[in-house]
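Enquirer: If you scroll down you'll find the structure; I have some questions about it.
Number of protein chains: 2
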Amino acid sequence: MSAKPRIERAALEIFAASGVDATTTKLIAARAEVSEGAIYRHWKSKDELAVGLFMSAHRRLSELIETEAGAVHGIDAKAAALVRAYCTAADEDWTLFSFHLLQLHHFLPYYQEDGRDPVTLVETIIKHAMLKMELPPGDPRVIAAMALGVISQTAQNRAYGRLGEDLLSAHAPLMTAAVLAVLKAR
Amino acid sequence: MSAKPRIERAALEIFAASGVDATTTKLIAARAEVSEGAIYRHWKSKDELAVGLFMSAHRRLSELIETEAGAVHGIDAKAAALVRAYCTAADEDWTLFSFHLLQLHHFLPYYQEDGRDPVTLVETIIKHAMLKMELPPGDPRVIAAMALGVISQTAQNRAYGRLGEDLLSAHAPLMTAAVLAVLKAR
DNA sequence: AGCTTGCAAGTAAATGCTCACATACGTTGT
DNA sequence: ACAACGTATGTGAGCATTTACTTGCAAGCT
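Residue numbers (our numbering), protein chains in the order written: chain A, 1462 to 1647; chain B, 1462 to 1647.
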């Protein structure tokens, strides 16, 4: 098998477990069973590899939010669809999404604010629901943060091994109820 | 002024902004306006310094939870007191608490699970409230994660500069309502 | 042949930490 | 009063090691 995907998996796994800075190119190469030089055939630097992996998760999440939220009407249905979609995606590639979740702050300087990142998308959805009177008025940035916190912290605790081995999807109904409760609480 | 507290402040600020691994002892020394060797008069290693700072926040948080929750009765009052106390503490030393929040996963291997860490304490409070029928039954680990997520994600987004310059306390009433909504939602 | 992909052995720079030395300061003996 | 001494604290040049990355070369594929 060619080296590129093996390097990607290996890097992802170590990045997720130990963080980008603590991950050496030697470790990645060893885990992928390639030489260190092979990494530099495909990426200019360790950081470019890390940013690439992060951004692929980031974009996938953005697209997922746009399509799932666009497919249904009403804030209740949107919330349910989004929670469900995130859980499914995370369960399908847990390494990628736990990496995205745990190492987010390492990449904040990188992604440009073009309004298409997950947080801003959710803020927009909430703002529209408020205009349609589906939700009580409030600061969409704070409401979005609280609602997303329900999901991200649950996923984080799962990553920390605090929730057992259940798939994240196992908690989707409960998380949906909690998210809706947050959105409507004042 | 003596070097130790200056080193602690300098280290805290850089750790919070850039992470432990990306922070060099040279940078800490420069910011504290002391020599690099001075650090090693007070700590055995960079990591011991980092762990010490993290643990001081961690312990302070645990004590805060125990005293605040012990001082009032009923889950509603406990939730309000805890949210309020966390916001106040975070506002008083934002550098320390944003460091604690953002770098948590770096220190997970360190702290022993003696049931006195913030998350476990909250889980216990929730469990007792369920036994007293103040809350509907459910997995306390998941409910605690979701409730804490409301607060931690809001604080995190503030740290990322997404919420403006308001103190965290400004959002305490809203967060309290949201936390209670999460606790009671099913 | 020409191009891509991989390897082994480098290299220069940076990092955490040490060590011999300097200075400040309280205590003790006279 | 005051010198002698021990201890705590701070300095900064320097060390061994590690790091990300490079380079010269070879093997496969089209």
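Ideal Cβ placement from N, Cα and C applies to all residues, glycine included.
Cβ of V1643(B) less than 8 Å from any chain A Cβ?
Expert: At least one chain A Cβ lies under 8 Å of V1643(B).
Enquirer: So which of K1588(A), E1574(A) and F1476(A) has the shortest CA-CA distance to D1600(A)?
Expert: Comparing Cα positions, the closest option is K1588(A).
Enquirer: So, H1567(B) versus G1480(A), is the Cβ gap smaller than 8 Å?
Expert: Against a cut-off of 8 Å, the Cβ pair of G1480(A) and H1567(B) comes out as a contact.
Enquirer: Given that T1615(A) touches chain B, what residues does it touch there, using C-beta distances under 9 Å?
Expert: Those within 9 Å of T1615(A) in chain B are V1603, A1606, M1607 and G1610.
Enquirer: In chain A, which residues lie less than 7 Å from M1636(B) when you measure between Cβ atoms?
Expert: Residues of chain A passing the Cβ test: M1607.
Enquirer: Can you pull out the residues from the region 1478 to 1498 of chain B whose beta carbon lies closer than 7 Å to at least one beta carbon of chain A?
Expert: Correct list: G1480, D1482 and A1483.
Enquirer: Using C-beta distances below 7 Å, list every residue in its chain close to M1607(A), excluding the 5 sequence neighbours before and after it, in chain order.
Expert: Here the set comprises V1643.
Enquirer: Taking the C-alpha atoms as reference points, what is the distance between I1586(A) and D1578(A)?
Expert: Their Cα atoms are separated by approximately 13 Å.
Enquirer: Which word fits Y1571(B), buried or exposed, when buried means at least 16 other C-beta atoms lie within 10 angstroms of its C-beta?
Expert: Exposed, since its Cβ has fewer than 16 Cβ neighbours within 10 Å.
Enquirer: Taking beta-carbon pairs under 7 Å, can you tell me which members of the region 1536 to 1547 of chain A lie near chain B?
Expert: From the region 1536 to 1547 of chain A, no residue has a Cβ closer than 7 Å to chain B.
Enquirer: Using alpha carbons as the reference points, say which of A1542(A), M1516(A) and F1476(A) lies closest to T1528(A).
Expert: Among A1542(A), M1516(A) and F1476(A), the Cα nearest to that of T1528(A) is on A1542(A).
Enquirer: Kindly list, in the order they appear in chain B, the residues whose Cβ is closer than 8 Å to that of Y1621(A).
Expert: Within chain B, the residues near Y1621(A) are H1566 and L1569.
Enquirer: If we ignore side chains and look at the alpha-carbon of each, how far apart do E1584(B) and R1623(A) end up?
Expert: Approximately 11 Å, taken between the alpha carbons.
Enquirer: State the Cα-Cα distance for the pair A1490(B) and E1553(B), rounded to the nearest angstrom.
Expert: Rounded to whole angstroms, A1490(B) to E1553(B) spans 25 Å at the Cα level.
Enquirer: Just to confirm my understanding: we take E1497(B), look at its own chain, exclude 5 residues before and 5 after, and list those with CB closer than 7 Å. What are they?
Expert: Around E1497(B): T1486, K1487 and A1490.
Enquirer: Measure the beta-carbon distance from F1476(B) to A1511(B) and round it to whole angstroms, keeping in mind my assumption that it falls under 8 Å.
Expert: Indeed, because the Cβ distance is near 6 Å, the residues count as touching under 8 Å.
Enquirer: Leaving out five residues before and five after A1551(B) in sequence, what residues of the same chain have Cβ atoms less than 7 Å from its Cβ?
Expert: If we look at A1551(B) and ignore the five residues flanking it on each side, its Cβ neighbours are F1558, A1616 and L1629.
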